[in-house]
Amino acid sequence: MRSTYWKDLEEIPYLGVLVEQIRIILSDRMGLTGTLLLLSFVLLAIFAPYIAPYDPLARHYDADGFLLRTRPPSAEHWFGTTSYGRDVLSQVIYGSRVAITVGFISSLCIVLIGTNMGLHAGYWGGWVDATLMRLTDVLYGIPFLPFAIILVTLMRPSIWTTILAIVLLLWRFSARIIRSQVLSLRERPFVKAARAAGASHWRIIYIHIAPNVLPMSFLYMAFGVAFAVLVEASLSFLGLGDPEVVSWGSILHYAFISGGMRRAWWWTLPPGIAIALFVVSCFMIGRAYEEVINPRLRAY
Numbered sequence: 008m009r010s011t012y013w014k015d016l017e018e019i020p021y022l023g024v025l026v027e028q029i030r031i032i033l034s035d036r037m038g039l040t041g042t043l044l045l046l047s048f049v050l051l052a053i054f055a056p057y058i059a060p061y062d063p064l065a066r067h068y069d070a071d072g073f074l075l076r077t078r079p080p081s082a083e084h085w086f087g088t089t090s091y092g093r094d095v096l097s098q099v100i101y102g103s104r105v106a107i108t109v110g111f112i113s114s115l116c117i118v119l120i121g122t123n124m125g126l127h128a129g130y131w132g133g134w135v136d137a138t139l140m141r142l143t144d145v146l147y148g149i150p151f152l153p154f155a156i157i158l159v160t161l162m163r164p165s166i167w168t169t170i171l172a173i174v175l176l177l178w179r180f181s182a183r184i185i186r187s188q189v190l191s192l193r194e195r196p197f198v199k200a201a202r203a204a205g206a207s208h209w210r211i212i213y214i215h216i217a218p219n220v221l222p223m224s225f226l227y228m229a230f231g232v233a234f235a236v237l238v239e240a241s242l243s244f245l246g247l248g249d250p251e252v253v254s255w256g257s258i259l260h261y262a263f264i265s266g267g268m269r270r271a272w273w274w275t276l277p278p279g280i281a282i283a284l285f286v287v288s289c290f291m292i293g294r295a296y297e298e299v300i301n302p303r304l305r306a307y
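The numbers in the working numbering rise by one with no breaks, and the one at position 119 of the sequence shown is 126.
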C-alpha cells in the first residue's frame, strides 16, 4: 500500500510522473543497486578534493629525490603511481568528475532535444513531421565516432566539445521513438477531449501528451549517460580529450603511449573498472525502467 506522501507528490503534474518512476526503480533490486552505485560516483565527484590523497597531477619523489615511476601499490600510494610519478588513486577519483559532467549534461540535452523533436513531429504531422524526420534520417547516416573525431580535431579539445559532439548526433534515437508514441497518443480520447474543451496545442503537447512519454525519455537518459561516458573515454584514449583535466580515458591514454599497459597493471585496471562500474550502474537503472514502460512486468 502506498504511503500518503507518495500519493500527494504524484498529484503534482510532471513531478507525479517522476515520483512514480523513482518509486518503481527503488523497489526493484537491480534498480536500487544501480542507483546506489551511481550515487556513489556522484558523491565521489563532489567530494573529490577531500577524498583524493594527492593532487592528481602532482609528481612524487622518494627520499633520495628520484621520481616514483610506475611503482606498484603501497601504503603511500594505494593504486601505485604512473610513469610520470603521479598517484593513480587520485587520478581515478578526479576522473569521476569528468564522467559525471559529460554523462549527465550530454544525456539531459539529448533527452530535451529528442523529446521535443518527437513531440512536435508526432503531434503536428504534415510538413513539420516530414522535415524533422528527414533531418533525423540525415543524422542517422553520419557515423558517430568519425564525426566526433573530426569535430574535436577542428575545435579546441575540451569536455564541452565532447559534449557538443554527443548532443549533435545522439538525440536522433529518442526523437524517433518518442514520435512513434505521440502518433498513437494524439488519437487517444483524453487528447480529443482536451481539444474539444478548448485546450491550446501547446497545452495538449506539454500537459496531456508529454507526461505519457516521459518514461521512455528517462530510459534514453539512463542509457545516454552510460554511452556519453564511453564516448568521452574513447576520445580521451585516442588523445582527443581535454588535456587540462584528468579523466578515466586520459589515464588509459597515457598508460598506452608509455607502455604501462604491458608492465603496470595497477595503472590501467582501476580506471577500466571505474568505467565498467559506471556503465553497469546506468544499465541497471535502465533495466528497472522496463517496469515503467511495460507495467505488466511489475507482477513478476
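We put the CB at the ideal spot given by N, CA and C, even for glycine.
Item: Of all the options Ala-295, Asp-94, Arg-30 and Val-99, which has the alpha carbon lying nearest to the alpha carbon of Ile-282?; Value: Val-99
Item: Return yes when the Cβ of Ser-265 is within less than 8 Å of the Cβ of Ser-243, no when it is not.; Value: no
Item: Per the DSSP calculation, Tyr-68 is bridged to which residue(s)?; Value: Leu-74
Item: For a minimum of 4 consecutive residues, which ranges assigned as the alpha helix (DSSP H) are wholly contained in the segment 30-110?; Value: 36-53 and 55-58
Item: Tell me whether Glu-251 sits in a helix, a strand or coil according to DSSP, three-state version.; Value: coil
Item: Between the C-alpha atoms of Ala-233 and Phe-73, what's the straight-line distance to the nearest angstrom?; Value: 40 Å
Item: Look at the alpha carbon of Leu-192 and the alpha carbon of Ile-184, and state the distance between them as a whole number of angstroms.; Value: 13 Å
Item: What is the C-beta distance between Leu-96 and Pro-56, in whole angstroms, given that I count them as a contact (C-beta under 8 Å)?; Value: With a Cβ gap of about 14 Å, Leu-96 and Pro-56 do not count as contacting.
Item: Exposed or buried, Met-268, counting other C-beta atoms within 10 Å across all chains shown (16 or more means buried)?; Value: exposed
Item: Does DSSP put Ala-281 in a helix, a strand or coil?; Value: helix
Item: Keeping to the same chain, check which residues put their C-beta closer than 7 Å to that of Gly-293; ignore five residues upstream and five downstream.; Value: Leu-226, Ala-229 and Phe-230
Item: Among residues of its own chain, excluding the 5 on either side of Asp-35, which ones have a beta-carbon nearer than 6 Å to its beta-carbon?; Value: Ala-295
Item: Taking the alpha carbon of Leu-115 as the point to measure from, which residue in Met-140, Gly-246 and Ile-173 has its own alpha carbon closest?; Value: Ile-173
Item: Have a look at Ala-201, Ile-211 and Pro-63 and flag the residue whose alpha-carbon is nearest the alpha-carbon of Arg-104.; Value: Pro-63
Item: Restricting to runs no shorter than 4 residues, where is the alpha helix (DSSP H) found entirely within the segment 164-194?; Value: 166-192
Item: Over what stretch of residues does the alpha helix (DSSP H) that includes Tyr-227 continue unbroken?; Value: 217-244
Item: Please go through the same chain and pick out, in chain order, the residues whose beta-carbon is closer than 8 Å to the beta-carbon of Leu-237, but skip the five residues on each side of it.; Value: Ile-282 and Val-286
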